[in-house]
Amino acid sequence: MATNTHHHTLLSALHCFERRRLLLLLLGLVCLCNVVGGSNSTWSRPGGCIDSEREALLQFKRGLPHDPANRLSSWTADGSDCCGWNGVSCDSMSGHVVKLDLKSPGSERFLNASRMQSYSRSLGGVIGPSLLGLKYLAYLDLSYNDFKKKPIPEFLGSLSNLEYLYLSGANLQGRIPHHLGNLSRLQTLDLSNNGFWGLSMGGDVKWMSQLSSLQHLNLYQVDISSDHGSSGKLLVALNMLPSLSWVNLGSCGLKSIPSFPHVNLTSLSFLDLSENDIQSPFVEWLTNITSLEHLDLSWNNFEGGVPSVIWSMSSLTELIISGNERLDGKLPRNQSSLCKLQRLEMRWVNISGDVNELEGSFSGCIRNSLQSLDLRSTRLTGSFPSWLVEMKRLKYLSLPSNSLQGPIPTSLGGLSSLEELDLSENNLNGSIPHSLGGLSRLTSLDLRSNHLQGAIPESLGNLSSLEELFLDHNNLSGPISAEILSSLSSLQLLDLSDNRLEGMVSAAHLSNFRSLRMLSMANNPIIFNISTDWVPPFRLAVVDLSLCKVGPLFPTWLRLQQNVDTFNLSNSGISDAIPDSYWSSTSSINILDLSNNQITGRLLDSLKHIVIRNLDIHSNRLEGEWPHQLPSTELSILDMSSNSFTGAIPKDVGEAMPSLQMLVVSNNKLNGSIPRSLCQLMLLLYLDLSRNNFSGNIPDCWKPSPYTVGLVVLHLSHNSLVGVIPNSLGYHSKALPPPGAVEALNTLLILQVELCLHLPPKQFGPESCWLSS
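Note that the sequence shown covers residues -38 to -1, 1 to 735 in mature numbering (1 follows the signal peptide of the UniProt record, and there is no 0).
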């Protein structure tokens, strides 16, 4: 009986507990329904974004009509969760938009491409005020989009929760609004790369001192010199921000650096003042920043010597003072304080003297810490220094454009950490040491423009990580080993030109190159023996096989190259017609040189669809009339001399090729009159129409533009031209007498032209008909 009573009591308690839990659950659901379904609701659904913020984003999108890559395609008005839209991040608890990252993809290539190419995937339009609807926004990145040279909107200063603001490379212009000083929580401000001085600080820079949380500031290419003294005021303002740790003021127009009685930049670790016009001496207050690790003072106009206190900055890991050519770069005998220094760059600084005398400067702890040393163009002489091979941590060694002489020491192969080695443009001789093949981490080897002799050592085939190999302009000889080249499968740039290398090059030499972008073997007695049906695994940007034996057939294995910068097969023994389909995969070529061969056919017709800037096809056996559709409207240099072209130059040649600077069509069978539209070529410097069948008068229309040099050379000899020498030709040389004077013929190289001259009798006698010799 007691047991049954116990069970009954326990069961009643459980039922009571379940009823209470159910009641609490129902009450919770009622409260939730009131929140979600109430008339003042701000939530679209549990876990979703806020309606008002979704609408703010959609309105912002309407201000960006240019979206070629459809980056905002997920931003739709169908009630979707905006927290899942591309570039949008929300707080997981509140649902508020806290991050908007619309940085253009591929922006890391922005500085290496033209602005037009860089904006090919960028958003374009305006930065709309609907962003004010995102009251909790902490992170805004609109870098490398195209805002059409508009100013930075003042309303950005009202985004009070903003901590990160990136507007780099966004094609913005005008004064930076002082309203940004209201962003007291801002930690990062990046306004860099908006074109050279596209943005300016103006005279009011005090607002910068209000950014009390600022840690990272990038003003590269922002003009801070437009108002007198503003650059000094900016540095004073920044000195009031002890939180700053990273500052880039490169290319800002700084003229001087003020002195500070007290330095507050106690957290600063990175300072870049490069590419300015600072002429004042080094300021010693920099040495009081004991936290400084990276200091870049390159490309300024510092004079005098590097003060000894610089060499005592024990916190430095990177010191860059390159490009100060008037700076005396004498190094102290002992740099014992720089025990943390990993990178020292002093290119184009006047160090002078025997490089071996620098041994004391690189003794002690710096010898154990230094990983990168760049002393390019510092007027160093002497033999390769033995002390360098004791710097076992070196990854980057650059000593080009000096006067080093003697052999490359075998001991250099002991620098097992080396990744890049540049000894180019010196007077080094002897052979390439076999020991260099032991540098297994090497990615770049540059020994060009020396006096090196002998064969390319087989050991270089061990450099499996090598991406760049420059051995050009030496006296290297012997065959090019297929075994070496086939082992360098990571190679991207290969230049063996201007040596005495010989023998055969076959597909076996090139088959393992998967990433090759440059192939240059020019000016070597090399014979290319590659099957016409071989398909290379690489796509070249530069190919130069000039003065090699490539022909007699045109190398069809090169036909699949698409965006070529340089294509040079001049003097390569080709006596073949180029198929029209050869260029079908090619859209643009910067330099196309097929000169000094025996190429036949109507080449110009097959080039009509390609964008070409420099075209040299002289000294071949090409024929046909000048095509009605010219090779390229972007041509700068066109040399089609010494061929068999016929017909007249199109009358609209001046309009069709507005960028032309040099036109050479001599020694052909062209006829007709000289088109007046040639006078419209404002950039034209050199015009050679000699040795053709041109007739009629020389156009009198050669007055230059006030913004260009104008025509310098005009060669019209061996034609059938008649008439007077145009007065306008006299305008094209500062050394010429007044227009119409016969001396102009000597400067302009108008030789052997039959002209009836009408010259002033007092100077040249009666009116006469003159024939130059």
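Just so you know, even glycine gets a beta-carbon here, dropped at the ideal spot from N, CA and C.
According to DSSP, is residue 542 helix, strand or coil?
helix
When the Cα of residue 602 is compared with those of 559, 636 and 371, which residue comes out closest?
559
Specify, as a first and last residue, the run of the alpha helix (DSSP H) that residue 616 falls within.
615 to 618
Between the CA atoms of residue 259 and residue 269 - distance to the nearest angstrom
13 Å
Could you give the distance in angstroms between the alpha-carbon of residue 585 and the alpha-carbon of residue 579?
11 Å
Quick one: what's got a C-beta closer than 8 Å to residue 508's C-beta in the same chain, skipping five residues either side?
484, 485, 530, 531, 532, 533, 534 and 555
Within the same chain, show all residues whose beta-carbon is closer than 7 Å to that of residue 222, passing over the 5 residues directly before and after it, in chain order.
201 and 247
Indicate the three-state DSSP secondary structure (helix, strand or coil) for residue 112 in the structure shown.
strand
My output table needs one value for residue 406: the three-state DSSP class, helix, strand or coil.
strand
Residues near residue 142 in its chain [Cβ-Cβ closer than 6 Å; skip 5 each side]:
119
For the alpha helix (DSSP H) containing residue 469, list its first residue and its last residue.
469 to 472
C-alpha distance - residue 231 paired with residue 307, whole-angstrom precision:
18 Å
Would you mind working out which of 249, 341, 327 and 252 sits nearest residue 288, comparing C-alpha positions?
341
Count the other CB atoms, across all protein chains shown, that sit within 10 Å of the CB of residue 615; report buried if there are 16 or more and exposed otherwise.
buried
Among 668, 394 and 661, whose alpha-carbon lies nearest the alpha-carbon of residue 685?
661
Let me check understanding here. Comparing Cα to Cα, which of 207, 476 and 55 lies closest to residue 12?
55
Within the stretch 299 to 353, note down every full alpha helix (DSSP H) run reaching 4 residues or more, in order along the chain.
328 to 331
Are the CB atoms of residue 635 and residue 657 nearer to each other than 8 Å?
yes
Assess, as a yes-or-no matter, whether the stretch 171 to 190 is touched by the stretch 203 to 217 under the definition of 3 or more beta carbon pairs within less than 8 Å.
yes
Mind checking who residue 234 pairs with in its DSSP beta bridge?
210 and 258
List the residues that DSSP assigns as beta-bridge partners of residue 462.
439
Cutoff 6 Å; reference residue 399; Cβ partners in own chain excluding five residues on either side
421, 422 and 424
The beta strand (DSSP E) with residue 22 in it runs from where to where?
Element bounds for residue 22: not the beta strand (DSSP E) but the alpha helix (DSSP H), 13 to 24.
Report yes if the C-beta distance between residue 153 and residue 161 is below 8 Å; otherwise report no.
yes
Residue 653: buried (16+ other C-beta within 10 angstroms of its C-beta) or exposed?
buried
Starting from residue 447, trace the alpha helix (DSSP H) both ways and give me its first and last residue.
444 to 449
Any chance the stretch 373 to 390 sits against the stretch 353 to 361, with 3 or more Cβ pairs inside 8 Å?
yes
Taking the alpha-carbon positions, what's the residue 496 to residue 523 distance?
13 Å
Which residue wins for smallest C-alpha separation from residue 667, given the options 674, 676, 644 and 677?
644
Can the beta-carbon of residue 133 be found less than 8 Å from the beta-carbon of residue 98?
no
Where residue 689 sits in the DSSP three-state scheme:
helix
Could you check if residue 650 is buried or exposed, using at least 16 other CB atoms within 10 Å of its CB as the buried criterion?
buried
Residue 316 classed as buried or exposed, judged by whether at least 16 other C-beta atoms fall within 10 angstroms:
exposed
Please classify residue 158 as buried or exposed, where buried requires at least 16 neighbouring CB atoms within 10 angstroms.
exposed
Count the other CB atoms, across all protein chains shown, that sit within 10 Å of the CB of residue 38; report buried if there are 16 or more and exposed otherwise.
exposed
What does DSSP give as the partner residue(s) for residue 52 in the beta ladder?
59
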